[in-house]
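Residue numbers (my numbering), protein chains in the order written: chain U, 903 to 1391; chain D, 12 to 344.
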């Protein structure tokens, strides 16, 4: 599997960097990598094939002007195409002006229907809309009980009939009760079923016909494989679907099945489930999903998460300090304290483009222990030392180490790390996109080699061994392209 | 599924190979099959993985086009690009440029798959002195609780005294669900209140099993994603606590995989093996149209044998895994 699609493509296109046009010949390897990556992401085979035809058609003959590297251009085309297929966005539940809006959830066993019922209720409650749940899953043992527990937790009424074996009647009675009680939305939790189980699919059709829900959503497990085309196809045939909700996307599944489902059903993707708690239901964003499928990370989600932790004013202050180089160990500590919450670092890393491989590393307890240790060490420093770590000599170092209960070498390491990080941060905040990407790559390389400073050096090699002649040639080509670009402007 | 049909043709073989694990009796195997075929009216709308479609009776030339078609079929089983490439390249190496009949290709592929799946045994590892402790783990919605119900029934009916431990104290009504199963089977169950430490439930279950002189303890755990480090550590704790009570326990840690899952199942096998030390797999929901081919790369990378397959929602819908018929069913269904 590829750590990132972009990297794989980079190697495929190595031989032709600088050549200005995407042709069938030079794209073949690249497209093959894209195809493989999508298959690894669980996009169904037929869908991948269609998609690849589209992409190569779009890419063919495209002049590589915007970027210097063909692989970047190809990734851009693939990404744009994915976004356009996964869109358009429509996260509205289309509530009716009057009377209860009836929403029916259906899907395979274990896809997460009942949990999603709870999440939707939470969402509605936040918008001051009164929901009611109807337990129409009469198959699985204790499914009714599960819905009741969720109802109690969220303080949402749940309608169920213990001895009724007919889901149609239960739904009807539930809706009548909702009308009487003035609920604005009724959510029907149906039983999980196999798409090839005709009897149960017919039952679902019967509910659909007799109860006439306003919105029918298919709930799909984010970890689904090739079968997604099949099952989504069957549900789509039996019912008129209005939307799709994909669940369990808080793990490391790439969720390529969503592309298959979208391809088969053509209905908008409404929400994605990103956790076990009731507020973990997010409106769908094709950009994020596309990056996820291509394993490019999701900078938007990362940014949003960051905003949630650090407010705008604080962020501006920190950034200003970073940019001016006034960033002290005290500020560093402040940042650490913010992120030293369980699981947070890992989550952030997972969302950052190209940083997916750090997720595991950051999720570990050692990483969190390390942060606590760093905070402790900084706490043991005087204010003057925090402002200017250069002050720290052997004596001060021993004192700090004693105070924090760590080895003296840990303190040296921390100071060294901080010093090397400063210019990186400066560049990250002040620099342009190109600089940031460069930094990012450096950090990746550093971490891959197990370098304790995380590769945060300001100088670096290209990672390739070139003769001086080749280097000159490359520079010439780059300069030529740069001149061309400038002329264009 | 054909693989159950083929099983029926040779029930003696099944019972023989599983006798030590006190496997199902032949009549019972027949019972499942009869039910599978008559009970549910299923369309044979499959994933189109049947490679017989690729051949006409007069045979076909093994060229790039055929190899591509074959690759597509292999991918549809969810085996992933790695194994699919291996099998395709193997066919190319042996048969390229020749006009071959279906049988020849089928044989090559099945052989290759069977060798990929070859495992020492599908038998449950029972403790030398009872009780045997079985810990069941997996991601949310993979079918843990249902599989436990069926496994308990299977063991109960082969003469074992079973005690269930409802250590899924997180999901709403999971305890009730398992209690319903226990009632249907007629075995004992130990429960804790919602929100209590699952390790304490596991401990009490083992304790009770010793008191009752039970043969097998099956402990249910809450569904968790392999990326949730703190929850994965909880599994380690359950292991430790159980081991404190009985040396060498848990004797089996079974990972429940959803047959509809794609390549993420590999990550699941990895994560759960690292945290909980899995010893085998229950492949659930194989009664649908999904093929569960992902067990191929899992077998290859982690040497985890599949022990049971789940074939429906009823209590008797479980069967011992048979690699040969599974391999055949992958491509001819």
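We put the CB at the ideal spot given by N, CA and C, even for glycine.
#1: Taking buried to mean at least 16 other C-beta atoms within 10 Å of its own C-beta, is residue 84 of chain D buried or exposed?
#2: Can you grab the Cα-Cα spacing for the pair residue 1153 of chain U / residue 988 of chain U, in whole Å?
#3: Around the C-beta of residue 1066 of chain U, are 16 or more other C-beta atoms found within 10 angstroms, so that it is buried, or is it exposed?
#4: Taking the continuous beta strand (DSSP E) assigned at residue 1185 of chain U, which residues delimit it?
#5: Just list the residues that DSSP pairs residue 232 of chain D with in beta bridges.
#6: My output table needs one value for residue 318 of chain D: the three-state DSSP class, helix, strand or coil.
#7: Taking Cβ-Cβ distances shorter than 8 Å, what residues in chain U pair up with residue 154 of chain D?
#8: Between U/950, U/1321, U/1003 and U/1311, which lies nearest to residue 1081 of chain U when the distance is taken from Cα to Cα?
#9: Suppose only complete runs of 4+ residues qualify. What are the alpha helix (DSSP H) ranges in the segment 75-163 of chain D, listed by chain order?
#10: According to DSSP, which residues form a beta bridge with residue 1061 of chain U?
#11: What are the residues in the segment 71-98 of chain D lying within 8 Å of chain U by C-beta distance?
#12: Please list the terminal residues of the continuous beta strand (DSSP E) segment that includes residue 222 of chain D.
#13: Do residue 229 of chain D and residue 163 of chain D have their beta-carbon atoms positioned less than 8 Å apart in this structure?
#14: Between U/1017, U/1386 and U/1096, which has its C-alpha nearest residue 1150 of chain U's C-alpha?
#15: Pull up the distance between the alpha-carbon of residue 954 of chain U and that of residue 279 of chain D, whole angstroms please.
#16: Taking only the alpha-carbon atoms, compute the straight-line gap between residue 1068 of chain U and residue 1103 of chain U and give it to the nearest angstrom.
#17: Nearest to residue 256 of chain D by CA position, among D/276, D/290, D/210 and D/180, is which residue?
#18: Is the separation between the beta-carbon of residue 267 of chain D and that of residue 132 of chain D shorter than 8 Å?
#19: Which same chain residues end up closer than 6 Å to residue 1184 of chain U when comparing Cβ atoms and leaving out the 5 residues on each side of it in sequence?
#20: Assign residue 1042 of chain U to one of three DSSP states: helix, strand, or coil.
#21: Nearest by alpha-carbon distance to residue 185 of chain D: which of U/1043, U/1023, U/1325 and U/1304 is it?
#22: Could you work out which residues of chain U lie near residue 296 of chain D, taking near to mean beta carbons separated by less than 9 Å?
#23: What is the DSSP secondary structure of residue 938 of chain U, counted as helix, strand or coil?
#24: Looking only at its own chain, which residues have a Cβ that is under 8 Å from the Cβ of residue 119 of chain D, when we skip the five neighbours before and after it?
#25: Any beta carbon from chain U within less than 8 Å of residue 236 of chain D's own beta carbon?
#26: Alpha carbon to alpha carbon, how far is residue 1349 of chain U from residue 1133 of chain U?
#27: Nearest CA to the CA of residue 1120 of chain U: which residue from U/956, U/1148 and U/1320?
#28: Rounded to the nearest angstrom, how far is the Cβ of residue 1280 of chain U from that of residue 1288 of chain U, given a contact under 8 Å?
#29: Can you check DSSP and say which residues form a bridge with residue 71 of chain D?
#30: Which residues of chain D have a Cβ atom closer than 7 Å to the Cβ of residue 1106 of chain U, listed in chain order?
#31: On the DSSP letters alone, give me the boundaries of the beta strand (DSSP E) that residue 1148 of chain U sits inside.
#32: List the residues of chain D that residue 892 of chain U touches, going by C-beta distances under 7 Å, in chain order.
#33: Is the separation between the beta-carbon of residue 262 of chain D and that of residue 339 of chain D shorter than 8 Å?
#34: Taking residue 1116 of chain U as the query, report the chain D residues whose CB atoms sit under 7 Å from its CB, ordered along the chain.
#35: Count the other CB atoms within 10 Å of the CB of residue 1078 of chain U; is the residue buried (16 or more) or exposed (fewer)?
#36: In the segment 259-290 of chain D, which residues sit with their C-beta less than 9 Å from some C-beta in chain U, listed in chain order?
Let me lay it out:
#1: Buried, since its Cβ has 16 or more Cβ neighbours within 10 Å.
#2: 20 Å
#3: exposed
#4: It spans 1183-1185 - the beta strand (DSSP E) in which residue 1185 of chain U sits, taken as one unbroken run.
#5: D/178
#6: Assigned with DSSP and collapsed to three states, residue 318 of chain D falls in strand.
#7: 1011 and 1012
#8: U/1003
#9: The segment 75-163 of chain D contains these whole alpha helix (DSSP H) runs: 75-87, 92-106 and 113-128.
#10: U/1036
#11: 83, 86, 87, 88, 89, 91 and 92
#12: That residue, residue 222 of chain D, is in no beta strand (DSSP E); its alpha helix (DSSP H) goes 209-223.
#13: yes
#14: U/1017
#15: Roughly 29 Å separates the two Cα atoms.
#16: 14 Å
#17: D/210
#18: For residue 267 of chain D and residue 132 of chain D, no; Cβs fall outside 8 Å.
#19: 1174 and 1176
#20: coil
#21: U/1043
#22: 1010, 1011, 1012 and 1096
#23: helix
#24: 101, 102, 105 and 106
#25: yes
#26: Low local confidence applies: a pLDDT of 48 at residue 1349 of chain U is under 50, so the model's placement there is unreliable, and no value is given.
#27: U/1148
#28: 6 Å
#29: D/111
#30: Simply none; closest approach about 14 Å.
#31: 1145-1149
#32: With chain U represented from 903 up to 1391, any question about residue 892 of chain U goes unanswered, as that position is not in the structure.
#33: no
#34: What residue 1116 of chain U touches in chain D: nothing, since even the nearest Cβ is about 26 Å away.
#35: Under this definition residue 1078 of chain U is an exposed residue.
#36: 269, 270, 271, 272, 273, 274, 275, 276, 277, 278, 279 and 282
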